[in-house]
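Residue numbering for the sequence shown follows the numbering used here, starting at 4 and increasing by one per position.
Worksheet: one structure, shown below.
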Amino acid sequence: MFLNSDTIKKRVISFEEETGCFKDDESIIKFEDIIAFYHQETMQLTNSVYEGTKLKFTLFLKNQSKPYIIEIDSNKKEKYTQIYNLSNSIATFRVKNILEVFEEKKVIEFMTLNDFKLILSKDNILKLEYLGNKNHYEPFVVHTVKMQKNLLIFQSQNKRQEMIYANSISDIALFLQLISKENYFEDESQKIYKKEKKLYIIMMSLLVIFGSNGYFELCCMDNDFIDIISSLSMIMLGVVILTLPVFWFVRK
């Protein structure tokens with residue numbers, strides 16, 4: 004097993020939802036002091052075998068320059084479940100607070116792990132504003148947002164664009180919930196999944212056809228190109244047939 008993430012070590016993390024805070028040893032972190040919150044999950048696969056999921060839990064806090072980060076993998080079940088539940092509690096708390104601010108100020112900001120932030124106003128306008136040296140990069144009003152699986156592409160009317168992974172946006176679940184209702188949002192994920200599925204079926208069909216030809220010499224084996232492709236496909240098809248039950252059992 005190559006997956007081994009645990010930055011908690013021997014520290015004690017504890018929290019109760021009704022308190023609106025959690026403890027890291029003797030340090031108390033209040034939910035209301037969180038200004039940006041990121042929940043990032045990454046599946047670990049080795050030779051197509053699932054080893055577990057790594058959770059990276061990141062908070063930016065008031066009056067602190069460095070982020071608070073915990074990394075833990077799902078093989079440490081107790082710790083992983085605890086941090087996952089804590090993350091869920093923070094997300095729920097922040098949704099309520101952010102929506103209250105949205106109603107009051109008519110605008111909310113979503114920070115990102117890139118060098119920009121996203122500003123959403125009540126009149127359905129989404130603006131991308133750069134952090135740091137603003138003289139080099141002018142902000143722009145987002146004309147379209149394209150979601151391609153876990154990637155978001157923000158484009159202006161004159162085709163300027165920025166790309167960012169969804170889990171690199173603070174409070175991503177709420178952000179997607181709010182913008183998914185707008186006309187400028189396009190979810191292209193299903194198209195991509197369909198293309199990938201179609202390509203997989205085509206590749207497997209060719210593997211079966213040429214592999215079968217390699218086994219049974221059905222056609223054109225006097226052609227060197229067909230002979231080589233069929234021989235290689237025969238080996239690959241044999242590997243697929245032998246390992247398929249094992250992969251099925253491991254995933255189960």
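All C-beta atoms in this analysis are idealised placements derived from N, C-alpha and C, irrespective of residue type, glycine included.
Check: Reduced DSSP category for Lys57 - H, G, I as helix; E, B as strand; rest coil; Outcome: strand
Check: Close-in-space but distant-in-sequence residues of the same chain around Asp27 (CB under 7 Å, 5 per side omitted); Outcome: Arg14, Ile16
Check: Outcome for Gly217 when other beta-carbon atoms lying within 10 angstroms are tallied against a minimum of 16; Outcome: buried
Check: C-alpha distance - Glu74 paired with Asp225, whole-angstrom precision; Outcome: 57 Å
Check: For Leu121 and Phe143, the rounded distance between their alpha carbons; Outcome: 10 Å
Check: Alpha-carbon spacing of Phe213 relative to Lys194, whole angstroms; Outcome: 29 Å
Check: Assumed close pair Ser90, Phe113 - CB separation to whole angstroms, cut-off 8 Å; Outcome: Actually they are not in contact, since the Cβ atoms of Ser90 and Phe113 sit about 17 Å apart, beyond 8 Å.
Check: Assigned exposure category for Gly55 - 16 Cβ within 10 Å defines buried; Outcome: buried
Check: Residues near Leu154 in its chain [Cβ-Cβ closer than 8 Å; skip 5 each side]; Outcome: Met166, Ile167, Tyr168, Ala169
Check: Proximity to Ile156 [Cα-Cα], best of Ser124, Asn117, Ile11, Lys197; Outcome: Asn117
Check: Of the listed residues Ser8, Tyr41, Glu132, Lys200, nearest to Ile175 (C-alpha basis); Outcome: Tyr41
Check: Inter-residue Cα distance where the pair is Lys69 and Phe63; Outcome: 7 Å
Check: Rounded C-alpha distance that separates Asn50 from Thr246; Outcome: 11 Å
Check: C-beta neighbour in chain B for Ser77, strict 8 Å; Outcome: Of the protein chains in the structure, only one exists, and it is not chain B.
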